[in-house]
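Visitor: If you scroll down you'll find the structure; I have some questions about it.
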Amino acid sequence: MATLLGVFWYKKTRPVQAKITDDATADDDVLDGMSYQRISYAELAKATNGFADTNLIGAGKFGSVYLGTLPLVLPKQGALAAAAENVAVAVKVFDLRQVGASRTFLSECEALRNVRHRNLVRIITCCAGVDARGNDFRALVFEFMANYSLDRWVKMRSLSVIQRLNIAVDIADALCYLHNSSVPPIIHCDVKPSNVLVGDDMRAVVADFGLAKLLHEPGSGGSHGDHTSSSGTSTIGGLRGTIGYVPPEYGTTATVSTHGDVYSFGITLLEIFTGRSPTDDAFKDDGLTLLEFVAASFPDKIEQVLDPALLPVEGFDDDGDDGQVSCSSDDGGAHISEHECLVSAVRVGLSCTRGVPFQRLSMTDAATELRSIRDACARSAAADEHPVGTE
Numbered sequence: 001m002a003t004l005l006g007v008f009w010y011k012k013t014r015p016v017q018a019k020i021t022d023d024a025t026a027d028d029d030v031l032d033g034m035s036y037q038r039i040s041y042a043e044l045a046k047a048t049n050g051f052a053d054t055n056l057i058g059a060g061k062f063g064s065v066y067l068g069t070l071p072l073v074l075p076k077q078g079a080l081a082a083a084a085e086n087v088a089v090a091v092k093v094f095d096l097r098q099v100g101a102s103r104t105f106l107s108e109c110e111a112l113r114n115v116r117h118r119n120l121v122r123i124i125t126c127c128a129g130v131d132a133r134g135n136d137f138r139a140l141v142f143e144f145m146a147n148y149s150l151d152r153w154v155k156m157r158s159l160s161v162i163q164r165l166n167i168a169v170d171i172a173d174a175l176c177y178l179h180n181s182s183v184p185p186i187i188h189c190d191v192k193p194s195n196v197l198v199g200d201d202m203r204a205v206v207a208d209f210g211l212a213k214l215l216h217e218p219g220s221g222g223s224h225g226d227h228t229s230s231s232g233t234s235t236i237g238g239l240r241g242t243i244g245y246v247p248p249e250y251g252t253t254a255t256v257s258t259h260g261d262v263y264s265f266g267i268t269l270l271e272i273f274t275g276r277s278p279t280d281d282a283f284k285d286d287g288l289t290l291l292e293f294v295a296a297s298f299p300d301k302i303e304q305v306l307d308p309a310l311l312p313v314e315g316f317d318d319d320g321d322d323g324q325v326s327c328s329s330d331d332g333g334a335h336i337s338e339h340e341c342l343v344s345a346v347r348v349g350l351s352c353t354r355g356v357p358f359q360r361l362s363m364t365d366a367a368t369e370l371r372s373i374r375d376a377c378a379r380s381a382a383a384d385e386h387p388v389g390t391e
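What follows is the structure, encoded as structure tokens:
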């Protein structure tokens, strides 16, 4: 299924005639700042076959996600106008009976309304109205990522080393954008494999901004009553994130920071290469964390903690130097063995999960290192396929 590209324009078939309750008026400040047209409940119901169970593709604490089809006008080069095409979309419906669901809807709207990056989930439109029974209804419509979430891929254990590195670079680039290029900067607060979606081209995008925090300029006020500072931190009213991925400092302070995202990314990176979740039952039995499990075997016994699907690792032996690719490349780029590639990637994960927040890598440095590792590993793989002196 084709990944949605470019700017989407929703083709409205009729104006929205939804009744908005008093609670819904609190949404106006955020929703009015959005550049896309809103959609009605009736249109979403039609798009998802009445929110049928057969269209259900995911569920979480605050709602469910349905596969739908909407007529979208995709811009075409050289054409003054383009006909609407039926395009697959993901419709995230919020369960407003859950405490915090309305706030989560607003957080996602606020975080996503101005961000544009190839590795961030693209929001197409939203619905803030009432359902067929007159109850408040909130939904967001996103591009549909045909290969679902990264945690499924980790569990299937079918990704190659290069594919894992490509996904890691995609996630790092997305977080680097949020921390450094978004205005205002954004802390995701819930980085984990289930919040990373994969397209049919294996492009990874970071999704689920329900816990995200915007770092407003000093004096401008934080979002939804939270307080922000100029130090890249935001004061919150409670612990944010998912067990296993939450940085240790969040348990002792009411302040979130970009360093927290780096920690969660580091745990995600370790999970990508070990195939193990930080909440794996084995860790409960052993009394270890994923971080401790990996660190205890790094670097000399790294093969003991790697995803079995990656074994045997080319270039690994007791001395750790067999299998080194020594041939040079025309562009002067380095070549490394698969073993060195994996050790280097895991090292980045460990560097992102240091106990002291300010000692962790920045997302910029993590992205740069992972890209360098990925490129060197790709050159080595290409050299193996086409050795020097062969046609």
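Residue 105 in UniProt numbering sits at position 105 of the sequence shown; the count goes up by one each step and never skips.
All residues carry an ideal CB built from backbone N, CA and C; glycine is no exception.
Here the structure is a predicted model, which means the values were calculated and not measured.
Rounded to a whole number of angstroms, what is the C-alpha to C-alpha distance between V183 and E338?
Guide: For V183 and E338, the distance between alpha carbons rounds to 39 angstroms.
Visitor: Buried or exposed: which applies to R116, given that a residue is buried once 16 or more other Cβ atoms fall within 10 Å of its Cβ?
Guide: With fewer than 16 Cβ atoms within 10 Å of its Cβ, R116 is classed as exposed.
Visitor: Within 10 Å of its beta-carbon, does residue 419 have 16 or more other beta-carbons around it, so buried, or fewer, so exposed?
Guide: There is no way to answer for residue 419, as the model of the chain reaches only from 1 to 391.
Visitor: For L342, count neighbouring C-beta atoms within 10 Å of its own C-beta (all shown protein chains included) and say buried if the count is 16 or more, exposed if not.
Guide: Its Cβ being crowded by 16 or more others within 10 Å, L342 is buried.
Visitor: May I ask you to report which of helix, strand or coil DSSP gives S372?
Guide: Correct three-state label for S372: helix.
Visitor: For the putative contact between R203 and R118, defined by C-beta atoms under 8 angstroms, what is the C-beta separation to the nearest angstrom?
Guide: About 7 angstroms separates the two Cβ atoms, so the contact holds.
Visitor: Pull up the distance between the alpha-carbon of F298 and that of D208, whole angstroms please.
Guide: Answer to the nearest angstrom: the Cα atoms are 32 angstroms apart.
Visitor: How about T104 and G210: do their beta carbons lie closer than 8 angstroms?
Guide: Result yes, Cβ atoms of T104 and G210 sit closer than 8 angstroms.
Visitor: To the nearest angstrom, how far is the alpha carbon of A254 from that of N86?
Guide: Computed Cα separation, rounded: 45 angstroms.
Visitor: Less than 8 angstroms separating the beta-carbons of C65 and K46?
Guide: One detail in the question is off: residue 65 reads as Val in this sequence, not Cys. Their beta carbons are not under 8 angstroms apart, which means V65 does not touch K46 by this criterion.
Visitor: Extract the residue ranges of the beta strand (DSSP E) inside the region 110–172, only unbroken runs of 3 or more that lie entirely within it.
Guide: Complete beta strand (DSSP E) runs here, min 3: 123–130 and 136–143.
Visitor: Report the three-state DSSP secondary structure of V294 (helix, strand or coil).
Guide: DSSP places V294 in helix when its eight states are reduced to three.
Visitor: Whose C-alpha, out of A88, V196, L72 and D261, is nearest the C-alpha of T364?
Guide: Among A88, V196, L72 and D261, the Cα nearest to that of T364 is on D261.
Visitor: Please report the distance separating the alpha-carbon of A101 from that of Q304.
Guide: Computed Cα separation, rounded: 42 angstroms.
Visitor: Ignore the nearest five residues each way along the sequence and tell me which others in D331's own chain have a CB closer than 8 angstroms to its CB.
Guide: Confidence is the limiting factor: at D331 the pLDDT is only 44, short of 50, which leaves the residue's position unreliable, though a coordinate-based value still follows. Nothing listed; no residue qualifies.
Visitor: Smallest Cα separation from C176: which of S372, R374, C377 and A366?
Guide: Nearest of S372, R374, C377 and A366 to C176, Cα basis: A366.
Visitor: Comparing alpha-carbon positions, which option in E369, A174, V141 and Y245 lies nearest F94?
Guide: Of E369, A174, V141 and Y245, the residue nearest in Cα terms is V141.
Visitor: Indicate whether I373 and A345 have their beta-carbon atoms separated by less than 8 angstroms.
Guide: Yes, the Cβ-Cβ distance between I373 and A345 is below 8 angstroms.
Visitor: What is the residue span of the beta strand (DSSP E) that G58 lies within?
Guide: From DSSP, the beta strand (DSSP E) with G58 extends over L56 to G60.
Visitor: As a quick exercise: from I186, V198 and D131, pick the residue whose alpha carbon is nearest that of Q163.
Guide: Checking every option, the nearest Cα to that of Q163 belongs to V198.
Visitor: Would you decide whether E143 is buried or exposed? Buried here means 16 or more other CB atoms lie within 10 Å of its CB.
Guide: E143 is buried by the Cβ-count criterion.
Visitor: With DSSP collapsed to three states, give me the class of S351.
Guide: In this structure, S351 counts as helix in the three-state DSSP scheme.
Visitor: Is G63 helix, strand or coil by DSSP?
Guide: Strand, per DSSP.
Visitor: Take the Cβ of I243 as the centre, count every other Cβ of all protein chains shown within 10 Å, and call the residue buried at 16 or more, exposed below.
Guide: That one is exposed.
Visitor: Using CA coordinates, which residue listed in A172, Y250 and A174 is at the minimum distance from residue 394?
Guide: Nothing about residue 394 can be read from this structure; the chain reaches only from 1 to 391.
Visitor: Which first and last residues belong to the beta strand (DSSP E) in which T255 is found?
Guide: Per DSSP, T255 belongs to the beta strand (DSSP E) from T255 to S257.
Visitor: Buried or exposed: where does M156 fall if 16 or more other Cβ atoms within 10 Å of its Cβ makes it buried?
Guide: With fewer than 16 other Cβ atoms within 10 Å, it is exposed.
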